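Residue numbers (the working numbering), protein chains in the order written: chain E, 1 to 491; chain R, 492 to 654.
Down below is the structure, laid out as C-alpha cells.
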Amino acid sequence: MNNAGVGVDPVRYDQGFSSDPMADLFCMSQTIEQIIKKPKNSRTNSDDPTLRLPHHILHSIFSYLTSQDLAHVRLVSKNWHRNTPSYFALNLDQSLFFKKIFPTAIIQSQFRNKYTDWVHSCLETSKSKLNKAEKRILRIYYDENINEIMRLIDGNNFHEVYLRFKDSLDYLPYMFRSTCFTLLHLNRCSIQPHIFHGEEKFNSLQELKLDSIMLFGETLSIFISKCPNIRELSLVNCMFLRSIVFPTKLDRLKKLYVELMNSCFSITKVQVIAPSLQVFQFVYRDQSHVAVNMDIRACRMLREFHLDCLKFPIGLDPQNFCSDFPRLETLLMGPCEASNTVKISSPSLRKLILFFTRMYEHHVVSAPNLCTYEYVGTTFKPFLNPSAAPNLLETRIGLAYNVEKINRAWFLKLRTRLQHFSNNILLTLCIRDEKEVREELKSRKEGNCCSCTMDKCWSHFLKEFEVHEKKSSEKDKLKFVFKFTWQLIIS
Amino acid sequence: MASTTETKQKKMLILKSADNDEFEIEESVGVQSETIKNLVEDGFTFVPLPNVYTKALIKIIDYLKKHANKTDSNDEEIKTFDKDFVNTTFDDLFELVSAANYLHISCLMNMLCQTIADRIKDKSPEAVRKIFHINCDYTPEEEAKIRKANAQAFEGQFDESLD
C-alpha cells in the first residue's frame, strides 16, 4: 500500500457500487434457473464452471476475499465483476490535507483541529454509503492526532484497516474495535503490551501484517493469542523481536511470513503450532550468527518452506528435517551453515532452491519427484545427483558475485556436469563485471564447432543472451548483469 | 432398498440423486441439511434431489455422517477429514458447493466458499481465466477503465500458477 496515499484529495473514496463504471455495461445474460437446468452432459472442458453457479454462491465465495483480491476478481469477467461485494474505502492522508489547504509548516500546528473537524464532516457525508457497503475499508497515512481520528472512526465497523504512521516511535493508542475486522496492516509504529491488557479478543481478524513495527516478542505472543482465527501473518523487519512464540495452537494459520533483515536483537526462539500451515517463509539475517531454536514440528501440512538464515536452526534435525513435513513441495535453503551433514530427503518435494547454501559434497539430496532445481551461489557445485531426481524438468543455475574465472574450459566443465541432467536445462548465469566477460567472450576459439561431434564450444547451445543495467547502492554506480540461457539437446 | 420408514430402531431416509441413484441414511444424519430437514418435518422419508448428482451426493453423505458423530474427542479427526474433503479439483469443489447450497448445509457451504476463495487469492486475472476457461468479455477500453479504478490495489505480485 506504499503509494496509495498519493492522490489529489487528502480524503478519497473509492466504492464498488452506484457509481460503478461497468454497471451500465452489464445485462443479465442468464437467469439462475437456466443455469441449473443446463443438462449435465453438455459440459465440456471449454465450459466456464462459474457460469453454472447461482450468482449468490459466487458472491459468497468472493466475500471471503480482501479488497486487493477483489480488484483482481473484478477484472476476470463481467459475470465476476457483477458478483463482487460492494465496498467503500475511506482514505485519510493528513499530509496531503495540510499541503493543499495550509501550505506552510508554521500554520500547520494551529490547524490540526480543523483537520479533525474536517474528517468528522467527511464521515458524516459518507455515512450512508459506509453503512450500505459490504466491505468497509479504511486507510490512514501519517496521522499525528491518530488518537482522535481513531475515536471518530471507531464506530464504523471497518473490515480492513491500513494504518501507516510517520515514525516508528509513534504509539498505536489502542486496537480498533470492530466486529467484522478481518484485515489489519500496520506500518511504522510502536506497539505496547498494555493495549492488549483487556479481555477483548479479535475473533474476526484473519490477516495481519506488521511492517517496521517496534514490539517485543512477548507483546507479539499476547497479540496473536487474541487472534484465534488468524489465517495469514506477516512480520517484516519488526524491531525488538527476540522470539516468535505463539503458545496457543493456531488452527487456521495458513501462511506465515517472517522477514527480519536488520533486527536490533537476535531471534533466539521460534515456536509455531499451526497444523494447517501451508507456507512458512523464514528470512533472517543477523550479525551475531547465533542459531535460532525453531520448533515447527506441529506444522505437518507445510507445503512451502523457505529456510533462509545463516545458521541451520537448532530444533530441526539436519539429517531428517523433511520427514516432519510429509506434504512439502517447495523448499528454499539459505546459507544455513550446519555442523552436521545436511540431508534433504523428501518424496513429495517438487521444487528445490539452494540459495547461497553452504552445502558440501557429502550433503545428500534425495527427491525422486523433484521437477525444478534452482541453484544460486558463487560457483556451481553439482550437489544434486541426477539419479536422485529422475523426473527433473528444469534446472536453473544463477552464479552471482565473484565468479573468478570464466573461460572456455570453465564453461565446458559446467556443461559436462549439466549433461548428466535432463534434456531441458535452463541455465541462468549472472556475472558482475562487464569488462571481464567481454574479454572472455572474445577469447573463444574461432572456427565451426558444429561440424565437430565431440568438442562443442561453450556458445554452441546458447539460446539467449541478455544484458541488464543495474544500479548498485554505492553512489549509483552502474553495473551490468549478463544472463545466459543454454538449451542442451542431447540426441 | 425398501422405502420403509424404520430399519431397526433408527429412522431412515432415502435420498435420490439426479442420476436416479438411491441412498439410505439415518434421519439424524440427513437433517443437518435444512432442505432435508424441512421435507422430513413435512413427513417425507423419500427425498428426491434433482439438483445433486451422485458423485457429489456420495461425498456429502460422507461429510454429514462424519459431522453427525461430532464429539469433543474426535475434533482432530474431523478437522483432518475436512482438510482431505476440500483437497480436490476446482470442478469438484464447484459441484459440491452447488449441492451444499441446494441442500442448505451452512457449515459445508462456508468451508467450500472459503476453500475456493483461498485458491483464487493472489492469482492474476489471466491465471484465473485459464483455470476456469473463462472468456474475457471486456473490451480493452472497459478493462483499462477497471484497471484504472483498481490502480491502488495493483501493487502486489501475482501468482501465475494454475493449481
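The beta-carbon is built from N, C-alpha and C at its ideal position, and this holds for glycine as well.
Keep in mind the model is a prediction, meaning the values are calculated, not measured.
Close-in-space but distant-in-sequence residues of the same chain around residue i (CB under 6 Å, 5 per side omitted)
i: E/Val290; result: Ser266
i: R/Ala547; result: Glu586, Leu587, Ala590
i: E/Lys154; result: According to the sequence as given, residue 154 of chain E is Asp; it is not Lys. The residues are Arg177.
i: E/Glu259; result: Val236, Val283
i: R/Phe572; result: Lys557
i: R/Thr606; result: Val577
i: R/Lys502; result: Glu518
i: E/Ser346; result: Cys322, Leu328, Ala367
i: E/Glu134; result: Pro85, Ser86
i: E/Cys180; result: Asn157, His159, Ser204
i: E/Val342; result: Pro318, His363
i: E/Trp384; result: The residue you asked about is not Trp; residue 384 of chain E is Leu in the sequence shown. Val365, Tyr373, listed in sequence order.
Cutoff 8 Å; reference residue i; Cβ partners in own chain excluding five residues on either side
i: R/Leu603; result: Val577, Leu584, Leu587, Val588, Ala591
i: R/Ile527; result: Leu504, Leu506, Gly521, Val538, Leu594
i: R/Ile549; result: Phe514
i: E/Ser168; result: Arg188, Cys189, Ser190, Ser212, Ile213, Met214, Met239
i: E/Met175; result: Ile195, Phe196, Glu200, Phe202
Residue i burial status per 10 Å Cβ neighbour count (16 or more: buried)
i: R/Phe435; result: No information on residue 435 of chain R is available, as it lies outside the stretch 492 to 654 that chain R covers here.
i: E/Asp308; result: buried
i: R/Ala635; result: exposed
i: E/Asn83; result: buried
i: E/Cys299; result: buried
i: E/His120; result: exposed
i: E/Leu392; result: buried
i: E/Ser387; result: exposed
i: R/Lys612; result: buried
i: E/Lys37; result: A caution first: E/Lys37 carries a pLDDT of 39, below 50, which makes its placement in the model unreliable, though a value can still be read off. It is exposed - the Cβ of E/Lys37 has fewer than 16 other Cβ atoms within 10 Å.
i: E/Lys249; result: exposed
i: E/Asp492; result: Lying before the first or after the last residue shown, residue 492 of chain E is absent from chain E, which here runs from 1 to 491.
i: R/Lys639; result: exposed
Same chain only: Cβ atoms within 7 Å of residue i, ignoring 5 sequence neighbours per side
i: R/Gln523; result: Leu555, His558, Ala559, Ile596
i: E/His136; result: According to the sequence provided, residue 136 of chain E is Arg. The question's His does not apply to it. Same-chain partners within the cutoff: Phe88, Leu130, Asn156, Asn157, Phe158, His159.
i: E/Asn340; result: Pro318, Gln319
i: R/Glu525; result: His595
i: E/Arg112; result: Glu144, Asn145
i: E/Pro390; result: Pro368
Test: residue i CB closer than 7 Å to a CB of chain R
i: E/Pro85; result: no
i: E/Ser72; result: First, the residue type needs correcting, since residue 72 of chain E is His and not Ser in the sequence shown. Yes, its Cβ sits closer than 7 Å to a Cβ of chain R.
i: E/Ile57; result: yes
i: E/Lys78; result: yes
i: E/Leu92; result: no
i: E/Thr50; result: yes
i: E/Ser60; result: yes
i: E/Leu562; result: Beyond the ends of chain E as shown, which are 1 and 491, falls residue 562 of chain E; an answer cannot be given.
i: E/Leu75; result: yes
i: E/Tyr317; result: Before going on, a small fix: residue 317 of chain E reads as Asp here, not Tyr. Chain R contact via Cβ: absent.
i: E/Leu65; result: yes
i: E/Asp69; result: yes
Cutoff 7 Å: residue i Cβ touching any chain E Cβ
i: R/Met503; result: no
i: R/Lys550; result: no
i: R/His558; result: no
i: R/Lys612; result: yes
i: R/Asp575; result: no
i: R/Cys604; result: yes
i: R/Val619; result: yes
i: R/Pro539; result: no
i: R/His595; result: no
i: R/Asn592; result: yes
i: R/Val543; result: no
Any non-hydrogen atom of the ligand ZN within 6 Å of residue i CB
i: R/Lys614; result: By its list of ligands, the structure shown contains no ligand whatsoever, and the ligand ZN lies outside what it can speak to.
Sub-7 Å separation of residue i and residue j beta-carbons
i: E/Phe305; j: E/Phe280; result: yes
i: E/Leu186; j: E/Ile146; result: no
i: E/Cys371; j: E/Arg396; result: no
i: E/Arg231; j: E/Lys201; result: no
i: E/Leu208; j: E/Leu233; result: yes
i: E/Phe223; j: E/Phe196; result: yes
i: E/Ser63; j: E/Pro49; result: no
i: R/Ser564; j: R/Leu540; result: no
i: E/Ile273; j: E/Asn293; result: no
i: E/Arg74; j: R/Ile637; result: yes
i: E/Tyr171; j: E/Ser95; result: no
i: E/Thr268; j: E/Leu183; result: no
| Which full runs of the alpha helix (DSSP H) of 4+ residues lie inside the region 189–257 of chain E, going along the chain? | 217–225
So within the region 145–175 of chain E, which uninterrupted beta strand (DSSP E) runs reach at least 3 residues, ignoring any that extend past its ends?
160–164
Contiguous alpha helix (DSSP H) assignments of at least 4 residues, all confined to the region 46–77 of chain E: 49–52, 55–62, 67–76
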